[in-house]
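Numbering (my numbering), first residue to last: 76 to 436.
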């Protein structure tokens with residue numbers, strides 16, 4: 076495989092956004108770290124969701140499309156992310172990221188027209204949810220309102236990808252309808268939260284629980300976890316992520332939380348860190364070679380960053396939900412950052428060493 080050098084800067088911007096987002100997250104948790112601009116803390120969520128994950132997902136989709144115009148999506152999102160990385164929050168970054176999300180919607184529409192399917196429709200709706208959130212962000216809506224649209228984008232994108240793999244099992248029509256109902260409940264809850272915040276978040280939580288149950292019952296990871304090597308690692312990461320998606324759904328359904336606070340923190344990080352980052356960890360050995368053209372051999376050390384991620388979230392969520400253990404929240408956040416750093420180190424090391432993995436665990 077040859078290095079796809081022109082894609083490297085986009086991936087670097089995504090990883091830089093993740094690093095900056097982690098830094099700001101630690102400052103928000105009370106760690107005494109320098110902060111270039113006093114109002115920069117508000118960029119934590121946009122950097123992690125749009126700057127890192129948005130750039131990564133749009134780059135992956137542009138590669139899959141195979142047309143030059145598709146690269147406008149990651150270029151625009153990455154340009155917005157750079158503005159968030161280097162300066163105070165202003166209107167230009169949201170505008171660029173919104174434009175990039177519109178291009179990604181166009182990518183999904185083109186692919187859907189070529190190959191109409193439920194999984195592609197699900198991912199297209201996810202991209203539309205991202206755009207809807209970005210439009211509200213550009214219009215001045217508070218991040219704590221916009222973030223549920225971003226959550227829907229990531230959840231539906233991942234759910235659509237898992238449904239695509241699930242077709243190998245030839246699911247019965249009732250199984251597909253269960254999936255549709257779960258997705259519709261998530262989307263309907265987030266839309267309803269615009270006018271009725273608490274009931275909408277509760278409905279969204281019910282949808283996340285339903286989607287978790289669907290994934291736990293029908294995803295191929297239930298079967299592949301009994302294999303070995305990379306296949307087992309991916310399945311372990313996926314199943315752990317589904318547990319956090321369910322935890323986030325329960326928190327949302329029970330609390331109906333709509334404003335920043337400790338419960339809100341537990342909900343968002345259960346989904347964004349526990350579920351979404353578990354999916355990134357699971358699929359990195361496939362995504363990175365496809366994007367960069369460089370092999371990423373599986374190694375048993377990958378379980379280290381997965382294990383630290385889950386441990387850090389347990390510590391953080393317990394600190395959020397148990398008042399007497401509130402200090403755990405800061406330490407859990409620090410361990411969140413350690414898990415992401417370990418992921419970057421293990422990934423870079425594996426790429427540098429190359430060769431066959433030769434590790435079967």
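Backbone N, C-alpha and C fix where the C-beta goes; we use that ideal spot for every residue, glycine too. Just so it is clear, the structure is predicted and the values come from calculations on it, not from any experiment.
| Asked | Found |
| --- | --- |
| Terminal residues of the alpha helix (DSSP H) in which residue 97 lies | 83–103 |
| Within 8 angstroms, strictly: CB atoms of residue 99 and residue 80 | no |
| Exposed unless 16 or more other CB atoms sit within 10 angstroms - verdict on residue 346 | buried |
| Cβ pair residue 155, residue 201 closer than 8 angstroms | no |
| Segment limits, alpha helix (DSSP H) that includes residue 190 | Element bounds for residue 190: n/a, residue is neither H nor E. |
| Own chain residues within Cβ distance below 6 angstroms of residue 124, not counting five before or after | 225 |
| Inter-stretch contact at 8 angstroms, needing at least 3 Cβ pairs: the stretch 378–394 / the stretch 402–410 | yes |
| Beta-carbon spacing of residue 208, residue 194 below 8 angstroms | no |
| Residue 329 versus residue 342 - alpha carbon distance | 11 angstroms |
| Within 8 angstroms, strictly: CB atoms of residue 289 and residue 257 | yes |
| Anticipated Cβ contact below 8 angstroms, residue 394 with residue 327, distance rounded | Contact doesn't hold; Cβ gap of about 19 angstroms is too wide. |
| DSSP three-state assignment for residue 115, whether helix, strand or coil | helix |
| Where the alpha helix (DSSP H) containing residue 354 begins and where it ends | 353–367 |
| Nonlocal neighbours in the same chain, by C-beta distance under 7 angstroms from residue 287, ignoring five residues either side | 317, 320, 321 and 324 |
| Straight-line gap, residue 292 to residue 162 (C-alpha atoms, nearest Å) | 45 angstroms |
| Residue 336 (DSSP reduced to helix, strand or coil) | coil |
| Under 8 angstroms between C-beta atoms of residue 128 and residue 366 | no |
| DSSP-derived helix/strand/coil call for residue 108 | coil |
| Beta-carbon proximity list for residue 173, same chain, < 7 angstroms, skipping 5 on both sides | 206, 209, 210 and 213 |
| For residue 170, the nearest candidate out of 181, 152 and 184 (CA to CA) | 152 |
| Residue 334 classed as buried or exposed, judged by whether at least 16 other C-beta atoms fall within 10 angstroms | exposed |
| Residue burial classification, residue 302 (beta-carbon count within 10 angstroms, cutoff 16) | exposed |
| Residues of its chain near residue 272, where Cβ-Cβ distance is below 7 angstroms and the 5 sequence neighbours each way are ignored | 333 |
| Neighbour-count burial assignment, residue 91, 16 or more Cβ in a 10 Å radius | buried |
| Own chain, CB closer than 7 angstroms to residue 267, minus 5 neighbours either side, in chain order | 274, 275 and 278 |
| For residue 305 and residue 188, the rounded distance between their alpha carbons | 33 angstroms |
| Local conformation of residue 374 per DSSP, three classes | coil |
| Residue 132 burial status per 10 Å Cβ neighbour count (16 or more: buried) | buried |
| Limits of the unbroken alpha helix (DSSP H) element including residue 130 | 130–140 |
| Proximity of residue 391 and residue 344 at Cβ, strictly below 8 angstroms | yes |
| For residue 199, the nearest candidate out of 389, 376, 230 and 371 (CA to CA) | 230 |
| Coarse secondary structure for residue 294, derived from DSSP in three states | coil |
| Pairwise C-alpha distance: residue 159 and residue 112 | 11 angstroms |
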